[in-house]
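Novice: Shown below is the structure under consideration.
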Ligand code: DQA
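In this note's numbering, the protein residues as written are 722 to 869.
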C-alpha cells in the first residue's frame, strides 16, 4: 500500500512564526515547523505536502486542488478560523478528511477566538498543544482515515 498523503495548510501570519508573539506561538520559524512535521510524518510513513498563504482565495484554490490527490488535510486557518465561511465551504466541497489545529489554546484567549466556523467540516480538532499539535492532528486524522 502506498503512503497516505496529507496536505498541511497554514493560513495568515503563520509565515511569521518565530517573530510573531513568541510567548504565544513559540520560537520556531515556519520552515523549522515544516521540517519538524515532515520528520515525524516520515517516521510514520506519511507523505506530507506544505502550503502557507496569507490570502483566503489562495487557500481555497489549494483545498480544491487537493481533490482526489490528498488523503487528508491538516489546517491551521489562523484568523480565518473565526470568520471564513468560504474556507468552510471549500473543505465541505472536497470532503477530504480534515483536522483543524491551533498552536495556542484558542478557548482560553479572546472571545472571538472561541468561535470556529470551519469546525463543522473537520473530524479532528486540536488546540493548545503547540507544534506537537500538528503531529497529534496527523496521527488522529490517519487513524480516522484508516478506520473508514
Ligand atoms: C491560531 C489562533 C488564531 O486565533 C490566530 O488568529 C492565529 C493562530 C493558532 O495557531 O493558535 O493566527 O490559529
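We put the CB at the ideal spot given by N, CA and C, even for glycine.
What residue range is occupied by the uninterrupted beta strand (DSSP E) comprising residue 823?
Specialist: Position 102 of the chain shown, counted from the start, is the residue given in the question as residue 823. Its beta strand (DSSP E) spans residues 819-823.
Novice: Residue 728: which of 771, 745, 758, 813 sits nearest, CA to CA?
Specialist: Here residue 728 is taken as the residue at index 7 of the chain shown, counted from 1. Of 771, 745, 758, 813, the residue nearest in Cα terms is 771.
Novice: Cβ-heavy atom distance between residue 863 and ligand 1 below 7 angstroms?
Specialist: The count along the chain shown starts at 1 and reaches residue 863 at position 142. Because no heavy atom of ligand 1 lies under 7 angstroms away, the Cβ of residue 863 does not count as near it: no.
Novice: Here's the rule I'm using: 16 or more other beta-carbon atoms within 10 Å means buried, otherwise exposed. How should residue 724 be labelled?
Specialist: If you number the chain shown from 1, residue 724 lands on position 3. Classification of residue 724: exposed, given that the 10 Å Cβ count is below 16.
Novice: How long is the line joining the alpha carbons of residue 792 and residue 737, rounded to whole angstroms?
Specialist: Reading the chain shown from its first residue, position 71 is the one you call residue 792. Reading the chain shown from its first residue, position 16 is the one you call residue 737. Rounded to the nearest angstrom, the two C-alpha atoms are 28 angstroms apart.
Novice: By alpha-carbon positions, which one of 860, 787, 734 ends up nearest to residue 750?
Specialist: Numbered from its first residue, the chain shown carries residue 750 at position 29. That would be 734, whose Cα lies nearest to the Cα of residue 750.
Novice: Can you tell me where the beta strand (DSSP E) with residue 771 in it begins and where it stops?
Specialist: The sequence position of residue 771 within the chain shown is 50, counting from 1. Segment 767-773, the beta strand (DSSP E) holding residue 771.
Novice: Tell me whether the stretch 853-862 and the stretch 827-840 touch, counting them as touching only if at least three CB pairs, one residue from each stretch, are closer than 8 angstroms.
Specialist: Contact fails: fewer than three Cβ-Cβ distances are below 8 angstroms.
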